Every structure is written in structure tokens, then in C-alpha cells.
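Enquirer: Would you mind keeping the following structure in view while I ask a few things?
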Amino acid sequence: MAVQFIVGRAGAGKSHYLYEKLIEKSLKYRNKNFIAIVPEQFSMETQKQILTMHPNRGSFNIEVTSMTRLAYTVFEEQGFNEYKVMDDLGKTLIMRKVMEQCKDKLTIYKSKTSMPGFAEKMKTIVSEFKQYGITDDVLNNMKAECDSKPLLRHKLNDVEIISDAFNEYIKEKVITTEDVLTIFCKYISSSDFIKNTYFYIDGFTGFTPIQYQVLELLIKHCAGVKIAITLPEDEFQSLRNAYSKGNNAISKYELFNLSKDTLWKLKDIINRNNIEQQETVIVGEGQAPYRIRDNKELTFLEKNLFRNNSSKYRENCKALEVHSMSNPREEAAYVAGRISELIVDKGYRYNDIAVITGDMDGYYRYIEEEFSKNNIPAFIDHKHNIASNPFVDGIKAAIEIVEKDFSYETVFHLIRLGFLPIDREAVDIMENYVLQSGRRGFKSYGRLWEKAYKGMTAEELDMVNQAREKLVEIIRPLREELKKKKATVREYTKAVYQFVQANNMQRQIDDYRIEFQNQGEISRAKEYEQVYVTIITLLDRIVELMGDEVLTIKEYKQILQAGFESVKVGIIPPGLDTVMVGDIERTRLKDTKRIIFFMGVNDGIIPKAGQAGGIITDTDREFLEKNNYILAPTATDNVFKQKFYLYTIFAKPTEKMCITFSKSGSDGATRRKSYIISTLMNLFENLKIIDEDESEITLNQVTTRSKALDYLSQNIYEYSKEGDSGIFKELMATVMKNKEYSKVINLMFDGAFYSAKNPILDENVARQLYGNKENIGITRLERFAACAYSQFLNNGLKLGERKKFELAAFDIGNLYHSAIKEFFDTINTNNIKWADLDDKKSENIINDSIEKVMEQYENDALNDIARSAFIKKQVKDTSTETVNALVKHIRSGNFLPREYELRIAHGRVDRVDTFEDGNNIYVKVIDYKSGNKVFNVTETFLGLQMQLMVYLKDTVDYIKKNNPDKNVYPAAGLYFHVYDPYVSEIDCEKAVSDFRKNNPDSELSDEELKKMAIEGERFKAYRMSGLVAKEIEIVNAMDHNTITKTGSSAILPVNITKSGVDARSTAIETKTYSKFINHVSNMAGEMQDKIIKGDISINPVEGACDYCPFGGICNFDRKLGSRYRQVEKVSLSDIEEKCNEVDR
1 MAVQFIVGRA
11 GAGKSHYLYE
21 KLIEKSLKYR
31 NKNFIAIVPE
41 QFSMETQKQI
51 LTMHPNRGSF
61 NIEVTSMTRL
71 AYTVFEEQGF
81 NEYKVMDDLG
91 KTLIMRKVME
101 QCKDKLTIYK
111 SKTSMPGFAE
121 KMKTIVSEFK
131 QYGITDDVLN
141 NMKAECDSKP
151 LLRHKLNDVE
161 IISDAFNEYI
171 KEKVITTEDV
181 LTIFCKYISS
191 SDFIKNTYFY
201 IDGFTGFTPI
211 QYQVLELLIK
221 HCAGVKIAIT
231 LPEDEFQSLR
241 NAYSKGNNAI
251 SKYELFNLSK
261 DTLWKLKDII
271 NRNNIEQQET
281 VIVGEGQAPY
291 RIRDNKELTF
301 LEKNLFRNNS
311 SKYRENCKAL
321 EVHSMSNPRE
331 EAAYVAGRIS
341 ELIVDKGYRY
351 NDIAVITGDM
361 DGYYRYIEEE
371 FSKNNIPAFI
381 DHKHNIASNP
391 FVDGIKAAIE
401 IVEKDFSYET
411 VFHLIRLGFL
421 PIDREAVDIM
431 ENYVLQSGRR
441 GFKSYGRLWE
451 KAYKGMTAEE
461 LDMVNQAREK
471 LVEIIRPLRE
481 ELKKKKATVR
491 EYTKAVYQFV
501 QANNMQRQID
511 DYRIEFQNQG
521 EISRAKEYEQ
531 VYVTIITLLD
541 RIVELMGDEV
551 LTIKEYKQIL
561 QAGFESVKVG
571 IIPPGLDTVM
581 VGDIERTRLK
591 DTKRIIFFMG
601 VNDGIIPKAG
611 QAGGIITDTD
621 REFLEKNNYI
631 LAPTATDNVF
641 KQKFYLYTIF
651 AKPTEKMCIT
661 FSKSGSDGAT
671 RRKSYIISTL
681 MNLFENLKII
691 DEDESEITLN
701 QVTTRSKALD
711 YLSQNIYEYS
721 KEGDSGIFKE
731 LMATVMKNKE
741 YSKVINLMFD
751 GAFYSAKNPI
761 LDENVARQLY
771 GNKENIGITR
781 LERFAACAYS
791 QFLNNGLKLG
801 ERKKFELAAF
811 DIGNLYHSAI
821 KEFFDTINTN
831 NIKWADLDDK
841 KSENIINDSI
851 EKVMEQYEND
861 ALNDIARSAF
871 IKKQVKDTST
881 ETVNALVKHI
891 RSGNFLPREY
901 ELRIAHGRVD
911 RVDTFEDGNN
921 IYVKVIDYKS
931 GNKVFNVTET
941 FLGLQMQLMV
951 YLKDTVDYIK
961 KNNPDKNVYP
971 AAGLYFHVYD
981 PYVSEIDCEK
991 AVSDFRKNNP
1001 DSELSDEELK
1011 KMAIEGERFK
1021 AYRMSGLVAK
1031 EIEIVNAMDH
1041 NTITKTGSSA
1051 ILPVNITKSG
1061 VDARSTAIET
1071 KTYSKFINHV
1081 SNMAGEMQDK
1091 IIKGDISINP
1101 VEGACDYCPF
1111 GGICNFDRKL
1121 GSRYRQVEKV
1131 SLSDIEEKCN
1141 EVDR
């Protein structure tokens, strides 16, 4: 037996030399076995290469395999078949189970065992410990070294507990993939197959400790070994000299650290076992790598990249390009366009080209979509889990419906996935019904829904009930099993399987597969081809591993979720002539590629950002390494490891390396270019970054009609502004020849140059829509004042956002109003004098009022005990505080409540107070608001907020009509905020401090002052907003306190000085007040006339569009020239002047 190393630069031809020798010897010794050991993902490409090189295009004594598959070959030879080998899925499922069982023994991770993804992390560290030879004894020694690191010691202890529980669970049942190589070591020495085999090892950048153990035994017992390692001749010579002197001074930060470390360890194995070592072969010695020998730039790059004392390339650089794009999607579109151009214009084949990225998760969907648009066949070397697949999502959603008892979110999450046999129209109506009625819970879904919402027909209600019944019929069997407090995994899984079968998921998934295939989305079709089998296999594996375990539904759901997150599907290459798409570390490019596109060369991707949140952190790993415990590389180690991968990638293309990066991510966040771009620009003097956002696309890059339509739609508006564009005109002319596509282009132009025009509604149609103008209420008029078109859509066409049952927004406001009205009704009915109403009696009356009102609300949501209890407390607290404030307000003046919920011409007033002074009656209207409504003079004058003033005018008219011999004047229109105000500690302390300052002789304690301060601050919080009469005697009649001292009223929006009501107050003279409310009322009438005459102009004031739901209908867009209607700001003095102009 003998060992020989084959070394050389990347691209020097080491693999070719290795396989040449393999084939040569296999032809000479036909009774021997010749095996190429390569990384798993490398095997297919290696087989293809050997078959291509072999003179007979194949041989029975040659095999390409991985270390693990070699182990299975020897197991079969040795008759070793005691255990089944558990895959990653099985490990994750069992890890999730054992963590739950032993969590009470844990210190650090006790509360994290149920966290999503934690089972995967723990599985990873347990597997890593096995791969790196961390046995129980080693782990105990590690813990002993951690006296100065108590957190690390506790973590290691928790890992040990979980690992022991895991190993105990699988003992004598199965073995893990990490155990395979450990067991393999026991059988190598006795294997005749191994003794009769020559091994050729290629494609590895390094080995784990357990792999080194396997290699040592293979070297000792096989017929011979040749190992290819990427190491330039000068680096090899320096290593050989260092080894001969026993000076292992390899820096972990060297570019070739991985190769040197591997070679050093293998030489140690050879020497301690007295194995013959043949002379090392240096492939391409003294020459540039054969692959790039004729390319000056790439040859220079291979020799100088990441080297000390590197040179500078001063000639023109054609073999390297760097392009910047807006975002990853634009990168993918650019690369797809360039590939199409190479195929069409330059005569390349698809398999001459490869695409590499450092972030496959972030790029593969964009690459897939853009390549599909351009009809580019590609093999995307990437596996992704199926957890987000709609059918997998459907299984999880069905379980959640049971777990969360038919909540709105879970019900329509499942139904909207589209694979239940429920009519789509019925689903739409049912969703509106559930949102509006607040239906939830299996009990509610299990009985007939008899009450239709406003505007709903009997036929629609029947459709809703049919859909409801179908849903219950589908979920009931699953619910019966899952609602058990505990059941076996087998019982739960059987129920899930029956749900899958009952809904014909297999047929539906296959329908999707066919649809994707017909649309040319081959990779999606391939994914769906595997989904059903993957789901069923997962369910089988769960039963096989844990069938008799008894769990709660929550635990079972977590097990199932962990399974779905672990299962990944990959795509088989669609053909020989395809573009290879892969990542830096996993993908091995064996075939010569003429051009490589390197995408996503951004900071955070190159170098790859360290992944936070692992069980053992980088700091932990560095500490353990200092104590001679070697684990997987840290993030810092991986940066230098990635440099080696970058070196090998840059040596792959024979003609050109095209680099792209994004200026922002898919989320819009700014991105920086990777350090590697600056490194390349330092090496190549004439290398420049080409900003593709400023570059014009070439016609040859647009190879499909869909690509042409994309380009035209994205650039049509710019073309209109900047005039003639060669490619735009050419594409337009080409596409317009096709009748179907010309229609699409015409629609593009219509959309791009649309401007909002004011439509006109026929007066007869308007009258049919609205009826008499008196039917048009104030709220509609205020909407009209903001935008006539919005009013038309909302009230004329009855369009609107979907109505929802929202207790907090609507019913609670009604509860407040009803409770307050009931309170005042009780006062009136029982002839209780305001002077006789103390706090205790007031509280009793409001409590009774709340109970009476709550009994009248029988919505499903209020039947929820917890929710109802909360609402009752909220309404009670708020109503009690509100009523106390209202009573104090009444006691503060001479105005007394006269009417409650008064019906008037334009609506209903919450409360009317009056004060009679001889022959004069002064009127105050109060509008209760659950939100903090603030009176705005400008908006009122322009009709945007006129309800309060119109109500005041209508009330004045009503009282005047009933008191024709009296003079009736407006005194105030006020908003009262119904809420439970919060008093901050700071406000309270300030009030106490102010009192002490103004009353230094007071004997009140701090507690008494604090109580007084809280009451005072809460009372001030109820200060009303609105417009009041300015005369001091009227103000005094509303608040006696204003006449006794200067300052702000605690009740009214007025400030008093020695000379009377000051300018900061929201107040005007009574005479002007009357004219003002007449003006507002007349304005309301004018608006009614305009609506009836068909005014539906698109004329919003600024701010009207902010929350308008109709933006997609009117197409009002400032970017396309639309402008807001300008309004003039108005002050109280302006109002007085404008109103007095009427008398002139």
C-alpha cells in the first residue's frame, strides 16, 4: 500500500490527472476495485467526467461514492444490518420530544425547548459533537475547564443532558448518520473489499476528526490511496520544508490554511503508521493553470488574489466585469438578459455558463422567475423546506382551527388556501358575514346562522350556511381526535392523514404540478411532484419514530412543525444543456465554464454574516480552542475559509467572470458592495463598476415577448418625457405586430398617461340614487366637502370597505352613550335634584344603568365571559368618571339639561342644556365623543366639520318653535370626550407643588393633597372643545368659577382676564354666533343641492385621500399632475368680519 498526494493551483488539472491515473490503473488491474471518494453533491459530476474520459465510456471496477455510502457498502459486505439509520428529519422529531421530557433538568434552556427552530439548533450541536469526537469523557473534561465561564459550563451541561436523553431514546432502535462513520471504523480492518480497493480522493477542502479516523484506517488497510489537494507549488514547498523541520506554524488566517492543515494531518497519519509515501505530483508545475493559460487577466488574478506583495494589472481588463443594480431582482433580470444575449448573439451553449451566489436563499426565487421569463433552462442546486407550501400550510391551518376554536384568522387562512371544496363566491360572502357578525367558535359554527346582515339576501345567507356546514363537516373528524386532552402520536397522525385523503390533496397537488408544467415553471412543477410523497413520508416517519407517545395537541403541532421545517426538496437537473446555478460552498463546478456570473457580491453575503443564536457561540468556541478542544469553525474562521472558496471560484471560468451586486436589498435597505470588489479594483487598475441603472439595455438581451413587455411597461413613462429611444422604438414596433400584444401595449399607454378627469352625473340619476335632498345627512355632506367623488362612491353607489365586528370601535361608543342616557333618564324619571345628587348615589345609578344597557347587547362577542367582563369593567370605569364630570359641569353653572337624544332636522343631539334669563333662552348643545374630537374653525367654515354648528342651529330653531314668545340664542356647541383620563405622576406632583407654593400655611397632608390633585387634574381633562358665546355673563352662566378668578376655565375653551374673555378663547359674540350657524346651515343646504344636481367632481382637499379607500377607483395621483383643492385658513376674527359683511 502507498499514499500519493497530487497538488497544484486551482484549475491546474489535478482532478483530470487523478482520474487519468485511476482509469489507467483500472484497465491494467481489472480484478481490483477503484473508487473515487468525493463529497456527496460532487458524485454525479465526477461520474460524468470519468465516463467522458474513459476509453470504453465506463468500467465495472470503477465507482464514484462518498465516505458514508462507502460505509454502507462495507456494512453490506460484513452483514451488518442490525440498525436502521436515522435521517435529519428523524433526529429533529426525536430531539423535539426528548427536550420536552427532560426540560425540568435543564438550567439555561429550560424555557426554550418549545421555541420554533430550537430543536434544529440542538440537533446541530449534538451532531457536531459527534463529528468532532466529543465523547462523554471529553465533554466532562471540557466542563471542568470552564470554571471561569459558568454560562458555558451550564450550556455544556444542558447539551449533555439532552444528548444523553436522545441517545437513550434511540438506543437499540436506530443509529444517526454521524454514528455511521464511527461504526464504519470498526469494520474497515476486516473488510476484504477495502483490502482489494484503490482509493482516489478528490474535491475536499478539509476533513472532520471522524473522517480523519476513517482515512487513517483506509490508508492502513487498502491497496493504495491518491489524494488531490489544492495547493500551489510554492506553498507546497514551504509546507514540506516546515514539516521536515517539525515546525507546524500554519496560520489559520492564511489563504491555503485548509489545504496545508489537511496535508499536514495526513502526513502525520502516514508517518505514525509507517505507510509508504510516493513522490508528490505537482500538476502544472511552473505553469499557469491549464484552464486559464490563454487568459492573461484570469491568470494574473489566480496568481495574485489574496496574496501578500501582489502586483497590479495595468492593461485593459476584459475578462472581469463588475455591475451594480438596484436590487436582487434587477440582478437576476440583468444576468438572464446577458445569458440570452450570449446564446442568441455569441453562439454559446447553456452549459458553458454558470451562476454563483453567496446567498442562495435570497436569490434563487428571483433567478428562477427571470430565467423562466427568458426561457433559460437551469439547474438550481438548492434544497428548500416545504413548510411554506400551501398544502403543508393547509394541514397546519386545519390543526390551528381546532386549537384556536374556529377563530376568524384560522378559518379563513385555511379556506383561502383554496383546496377545500367550498365555492369561492360563498367564501367571499361568508367572510363578510363573519367579520360583520363577530362569529367564532365551533359551537357557533355548528348551529344555523339565521340573522342576515344589512343588505344580505336570503339566497346569500343560504350560501353562507352551506359553506359553514361543509367546513364543519370537513373539520369535525379532525377535531374529535385533536380535542382529546391527550392522545397518541399515531391517533393524531391518523386524523391528519384522513384529513389529507378526504380533501383529495394528492389530486389537487398533481393539478398544480400540471399547471406549473404547462406554464413553463419546470422547477415549481418538480417541487410539487415531490410534495405529496414528502408529506405522507413525514407522517409515516413520525408514526414510525413516535407512534405510541402520548402528547397534547400543542406538543403534537410542535412536532409536526419541526418535521415540516426539516424536510427539504431538491430539483433533479432538467437536462444536459443547462445553466448551473449554485452557491459558493456547496456547488462544485467540474465542467469547464466559459463564463461565470457571480451574483450578490455584497457585504454581509461576501463575507457571509455570522449566524447569531447558536447553542455554542463563537466566543465559546474560541475559548474551547485555546484549551485544545476543536469544534466547527467560528464566523471569523469562516471568513478566511470563504476566501479559499472565492479563490477556487475565480479560477473556474476560462473566458470571463461577471460580478454583480445590489445597492439595496429586497426590503429596500441600503447595501454595500463586498470587500472583494475593492480588492479586485486594487489589483486591476482599469476595472470599473458599471452602474446598470444608468445603462441602456441592448436589443439582444430581450429574447422573449414577456421580457419585451416588462421592459416597455417599466420605461414607457420615461420614454414619454425624454423622447425617442432606439431600443424602445424597435421593441415597440416588433411587439405591435402581434395583435394580442398590441392590445396590452395600448392598455399600458392608457394607464401611463391617464389623468383624473371630473366626471358628471345626470341629475335624474342623482335623484334616483339619493331621493330627496333632506335625506342627505351631515356626515355625508362633510364627506362631500372633502371630496365630491368620494361621497358619490360611498353614498351613491354604496361602495365601502368590508364591515367588521369591532366592539371597541363601535359598540363600546354606543354603550357609553346608552349608559349616560339611561343615567339622565333615571334622574328625570325620579325627579332627582342636581343639588341632591352626591357621588355615592350617582355611582349607584350609573352602575344600574350599565347593567341595564349591557343586557340589551347580545352579540356573540359579548357572550365571551372574559371579554364581557373586561368590557363591563371598562364601560363602568369610564362611565362613572364621565358622569361624575358631567354632574360637576352641570353644578358649575345655571344651564340645566333640557333634552336627551333630541331628534332634529339633520340628526340627533346627545344633550341640550338651556338657561333662561328673563325673555331670553340660551342654548348649549353637547356631543359625546369616545374619541378626542377637537373643534376646528377653518374646517367648520368650509363644511368639513359642520355637524356641531348645524345641530346647534337646528336646536335653536326647535326651541324657538316651541317658545315663539322668547328670544332664543346660541350659547355653545361643545364636544365632550367620554373616557377615563390618566393622570401622570409628574402632573400630580406639579399640582401639589403649586398648591404648596400658593398656600404655604395649609395643614393638609401630602396624601390629601395628592388625592385632591388627582381629582383636579382628572376634572380638567374633561375640559370641552367647541365654540361658546363671548359675553361674560353667558360664560359665567356655564361656569361660575370663571367670574371669580382669572385664568382658564376648567370646563369651557375660554380664558378669562380682567378685561373679559381673551383672544385665545374659542368664543365669538352672540350676534355673530347666530349668523355663523346660519351660514353653516345654509352651506349644508347648498351642498345638498349640489349633490342632487349630480356633482361628483374629483376635487379632494389636502388630507382627504390619506385614509380614503377609493384611491384605486378615482386614480387621483399627484405624480401624474393631479392637485388638491386649495382652502383658505380662517380665524375667529375672519368669521366675525365675514358674518358682519352680511349686514353691510
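Counting along the sequence shown from 1, when you hit position 990 you're at 990 in full-length UniProt numbering, and nothing is skipped either side. Built from N, CA and C at the ideal position, the CB exists for glycine as well. No experiment lies behind these values; they were computed from the predicted model shown.
For Tyr789, which residues from the same chain have a beta carbon less than 6 Å from its beta carbon, with the 5 sequence-adjacent residues on both sides left out?
Expert: Sequence index remark: in the sequence shown, residue 789 carries index 789 (1-based). Answer for Tyr789: Ile1096, Ile1098, Cys1114, listed in chain order.
Enquirer: Can you have a look at Tyr198 and say buried or exposed, based on whether 16 or more other CB atoms are within 10 angstroms of its CB?
Expert: Position 198 of the sequence shown, counted from the first residue, corresponds to residue 198. It counts as buried.
Enquirer: Measuring straight from C-alpha to C-alpha, what distance separates Ala905 and Met949?
Expert: Locating residue 905 in the sequence shown gives position 905, counting from the first residue. Locating residue 949 in the sequence shown gives position 949, counting from the first residue. Whole-angstrom Cα-Cα distance: 13 Å.
Enquirer: Could you say if the stretch 958-970 and the stretch 923-943 meet the contact criterion of at least three C-beta pairs nearer than 8 Å?
Expert: The stretch 958-970 is in contact with the stretch 923-943.
Enquirer: With H, G and I counted as helix, E and B as strand and the rest as coil, what does DSSP make of Ala2?
Expert: Start at 1 with the first residue of the sequence shown, and residue 2 comes out as number 2. Ala2 falls in the strand class under three-state DSSP.
Enquirer: Can you name, in chain order, every residue of its own chain whose Cβ lies under 7 Å from the Cβ of Glu858, other than the five neighbours on each side?
Expert: Counting from 1 along the sequence shown, the entry for residue 858 is found at position 858. For Glu858, the predicted structure reports a pLDDT of 49, less than 50, and the residue's modelled location is therefore unreliable. A value from the coordinates is still provided. Cβ within range, chain order: n/a, list empty.
Enquirer: Taking a contact to mean a Cβ-Cβ separation below 8 Å, would you say Ile812 touches Val883 in this structure?
Expert: Position 812 of the sequence shown, counted from the start, is the residue given in the question as residue 812. Position 883 of the sequence shown, counted from the start, is the residue given in the question as residue 883. It is not a contact, given that the beta carbons lie outside the stated cut-off.
Enquirer: For a minimum of 4 consecutive residues, which ranges assigned as the alpha helix (DSSP H) are wholly contained in the stretch 767-855?
Expert: Complete alpha helix (DSSP H) runs here, min 4: 778-786, 788-791, 812-829, 839-855.
Enquirer: Since Ile201 contacts Val180 with CB under 8 Å, what's their CB separation in whole angstroms?
Expert: To locate residue 201, count along the sequence shown from 1; it is residue 201. To locate residue 180, count along the sequence shown from 1; it is residue 180. 18 Å between Cβ atoms; not a contact.
Enquirer: What does Ile35 pair with, by DSSP beta-bridge criteria?
Expert: By 1-based counting over the sequence shown, the position of residue 35 is 35. BP columns for Ile35 point to Glu63, Phe199.
Enquirer: Thr92 to Arg349, Cα distance in whole Å?
Expert: Translated into positions along the sequence shown, residue 92 becomes position 92. Translated into positions along the sequence shown, residue 349 becomes position 349. Approximately 42 Å, taken between the alpha carbons.
Enquirer: Determine the DSSP secondary structure at Leu320, reduced to helix, strand or coil.
Expert: Counting from one through the sequence shown, the residue named residue 320 turns up at place 320. Looking at Leu320 - three-state DSSP - the assignment turns out to be strand.
Enquirer: On the three-pair Cβ rule with 8 Å, is the stretch 545-559 touching the stretch 473-492?
Expert: Yes, they touch.
Enquirer: Measuring alpha carbon to alpha carbon, tell me which residue in Glu368, Arg621, Leu952, Asp548 is nearest Val581.
Expert: Mapped onto the sequence shown, residue 581 falls at position 581. The shortest Cα separation from Val581 among Glu368, Arg621, Leu952, Asp548 belongs to Glu368.
Enquirer: For Thr68 and Ser43, which I take to be in contact (beta-carbon distance under 8 Å), what is that distance rounded to the nearest angstrom?
Expert: Here the question's residue 68 lines up with position 68 in the sequence shown. Here the question's residue 43 lines up with position 43 in the sequence shown. Actually they do not touch by this definition, with Cβ atoms about 11 Å apart.
Enquirer: How about Asp637 and Lys252: are their beta carbons less than 8 Å apart?
Expert: Along the sequence shown, one-based indexing puts residue 637 at 637. Along the sequence shown, one-based indexing puts residue 252 at 252. A contact, by the Cβ cut-off of 8 Å.
Enquirer: Does the contact criterion of 3 or more C-beta pairs under 8 Å hold for the stretch 1008-1018 versus the stretch 1080-1087?
Expert: As far as the Cβ criterion goes, the stretch 1008-1018 does not touch the stretch 1080-1087, which means the pair count is below three.
Enquirer: Can you give me the Cβ contacts of residue 1152 inside the same chain, cut-off strictly under 7 Å, excluding the 5 residues immediately before and after it?
Expert: The structure shown does not extend to residue 1152, since the chain is modelled only from 1 to 1144, so the question has no answer here.
Enquirer: Between the alpha carbons of His382 and Cys1105, how many angstroms are there, rounded?
Expert: The count along the sequence shown starts at 1 and reaches residue 382 at position 382. The count along the sequence shown starts at 1 and reaches residue 1105 at position 1105. Rounded to the nearest angstrom, the two C-alpha atoms are 45 Å apart.
Enquirer: Contact defined as beta carbons within less than 8 Å: I believe Tyr290 pairs with Lys267. What is the distance between those atoms, to the nearest angstrom?
Expert: For the purposes of this step, residue 290 is taken as residue 290 along the sequence shown, with counting starting at 1. For the purposes of this step, residue 267 is taken as residue 267 along the sequence shown, with counting starting at 1. That belief does not hold up - the Cβ atoms of Tyr290 and Lys267 are roughly 27 Å apart, past 8 Å.
Enquirer: Please classify Lys608: does DSSP put it in a helix, a strand, or coil?
Expert: Reading the sequence shown from its first residue, position 608 is the one you call residue 608. Reduced to three states, the DSSP call for Lys608 is strand.
Enquirer: Starting from the C-beta of Gly133, find all residues in its chain whose C-beta is less than 7 Å away, skip the five residues before and the five after it, and write them out in chain order.
Expert: Numbered from its first residue, the sequence shown carries residue 133 at position 133. Excluding positions up to five away in sequence, the list reads Pro209, Ile210.
Enquirer: For the beta strand (DSSP E) containing Lys14, list its first residue and its last residue.
Expert: Position 14 of the sequence shown, counting from 1, holds the residue named residue 14. Unbroken run through Lys14 is the alpha helix (DSSP H), 14-28; no beta strand (DSSP E).
Enquirer: Thinking C-alpha only, which one of Asn271, Glu685, Gln41 is nearest Arg314?
Expert: If you number the sequence shown from 1, residue 314 lands on position 314. Minimum Cα distance to Arg314 is reached at Glu685.
Enquirer: Look up Gln277 in the DSSP assignment and give the residues it is bridged to.
Expert: Residue numbering aside, residue 277 sits at position 277 when the sequence shown is read from its first letter. Answer by DSSP bridge pairing, in chain order: Val3.
Enquirer: Start and end of the beta strand (DSSP E) containing Lys924?
Expert: Within the sequence shown, numbered from 1, the residue matching residue 924 stands at position 924. Per DSSP, Lys924 belongs to the beta strand (DSSP E) from 920-929.
Enquirer: Have a look at Asp618, Gly600, Thr457 and flag the residue whose alpha-carbon is nearest the alpha-carbon of Gly665.
Expert: In the sequence shown, counting from the first residue as 1, residue 665 sits at position 665. Comparing Cα-Cα distances from Gly665 to each of Asp618, Gly600, Thr457, the minimum goes to Gly600.
Enquirer: Please classify Leu231 as buried or exposed, where buried requires at least 16 neighbouring CB atoms within 10 angstroms.
Expert: Within the sequence shown, the letter at position 231 stands for residue 231. With 16 or more Cβ atoms within 10 Å of its Cβ, Leu231 is classed as buried.
Enquirer: May I have the straight-line CA-CA distance separating Leu1132 from Lys833, to the nearest angstrom?
Expert: The residue given as residue 1132 occupies position 1132 in the sequence shown. The residue given as residue 833 occupies position 833 in the sequence shown. Taking the straight line from one Cα to the other gives about 38 Å.
Enquirer: The beta strand (DSSP E) that contains Ile676, what's its start and end?
Expert: Here residue 676 corresponds to residue number 676 of the sequence shown, with the count starting at 1. Ile676 -> not in any beta strand (DSSP E); alpha helix (DSSP H) instead, spanning 675-683.
Enquirer: Does Phe564 come out as helix, strand or coil in the three-state DSSP assignment?
Expert: To locate residue 564, count along the sequence shown from 1; it is residue 564. Helix.
Enquirer: Give every residue of the same chain whose Cβ lies closer than 7 Å to the Cβ of Val472, excluding the five residues on either side of it in the sequence, and list them in chain order.
Expert: Working through the sequence shown from its first residue, we reach residue 472 at position 472. Tyr445, Gly446.
Enquirer: Alpha carbon to alpha carbon, what distance is there between Met360 and Glu145?
Expert: Position 145 of the sequence shown, counted from the start, is the residue given in the question as residue 145. Position 360 of the sequence shown, counted from the start, is the residue given in the question as residue 360. Spanning the two alpha carbons is a distance of roughly 39 Å.
Enquirer: What ranges does the beta strand (DSSP E) occupy inside the stretch 909-997, keeping only unbroken runs of at least 3 residues that lie completely in it?
Expert: Whole beta strand (DSSP E) segments, 3+ residues: 920-929, 967-977.
Enquirer: Near residue 1182, which residues of its chain fall below 8 Å by C-beta distance, leaving aside the five closest residues on each side in sequence?
Expert: Lying outside 1 to 1144, the shown extent of the chain, residue 1182 is not represented and no answer is given.
Enquirer: CB-CB under 6 Å to Lys14, same chain, minus the five flanking residues each way: which ones, in chain order?
Expert: The count along the sequence shown starts at 1 and reaches residue 14 at position 14. Excluding residues within five positions, the ones whose Cβ falls inside 6 Å are Ile6, Gly8, Ala228, Val283.
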